[in-house]
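Counting from 1, position 55 in the sequence shown corresponds to residue 271 in our numbering; the numbering is continuous, with no gaps.
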Amino acid sequence: MNRLDEDSGEAALAEYRNLARPARLKYGGEVRVFQEFYKNAPVENAEGQWSPMAVILTEFESMEKAKEFYHSPEYQAAFRERHKASEFTVSFLQGT
217 MNRLDEDSGE AALAEYRNLA RPARLKYGGE VRVFQEFYKN APVENAEGQW SPMAVILTEF
277 ESMEKAKEFY HSPEYQAAFR ERHKASEFTV SFLQGT
């Protein structure tokens, strides 16, 4: 799961997407949730305080495959672009 915490440039994020998509597809990742709260609607918290700008939930066949993707040379190139553009929180969640 990726959480966009701060955005400092749409052009740089576009470059990140251009690099990340082929890497994600190579490792079998499918985006299940992509919500840009700052463009569509604010987050409505039922409890606590959480205010990401966007949330992206990508599904892989296994935790190992997700980590293989994240640490791959292809994704790390995208990561460097993303790091220039914004601040993210990235979490690995084990499905049931």
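Note that beta-carbon positions come from the ideal geometry of N, C-alpha and C, so glycine has one too.
Just so you know, these numbers come straight off a predicted model, no measurement behind them.
Own chain partners of residue i with C-beta closer than 8 Å, once the 5 adjacent residues on each side are dropped
{"i": "Thr274", "result": "Met217, Asn218, Arg240, Gly245, Glu246, Val247, Arg248, Ala282"}
Rounded straight-line distance, which links the Cα of residue j to that of residue i
{"i": "Glu226", "j": "Tyr232", "result": "10 Å"}
{"i": "Gln310", "j": "Glu284", "result": "15 Å"}
{"i": "Glu280", "j": "Trp266", "result": "28 Å"}
{"i": "Ser288", "j": "Phe250", "result": "22 Å"}
{"i": "Ala228", "j": "Gly264", "result": "31 Å"}
{"i": "Val348", "j": "Asn234", "result": "What is shown of the chain runs 217 to 312, which leaves residue 348 out entirely."}
{"i": "Gln292", "j": "Lys242", "result": "14 Å"}
{"i": "Ala270", "j": "Arg298", "result": "14 Å"}
{"i": "Arg296", "j": "Ser302", "result": "10 Å"}
{"i": "Ala230", "j": "Ser278", "result": "27 Å"}
Proximity to residue i [Cα-Cα], best of the options
{"i": "Pro268", "options": "Glu252, Phe295, Gln310", "result": "Glu252"}
{"i": "Thr312", "options": "Phe276, Ser302, His287", "result": "Phe276"}
One or two residues paired with residue i in a DSSP bridge
{"i": "Val247", "result": "Thr274"}
{"i": "Glu252", "result": "Ala270"}
Beta-carbon contacts of residue i that lie in its chain and below 7 Å, excluding the five residues immediately before and after
{"i": "Lys300", "result": "Ala228"}
{"i": "Ala236", "result": "Tyr291, Ala294"}
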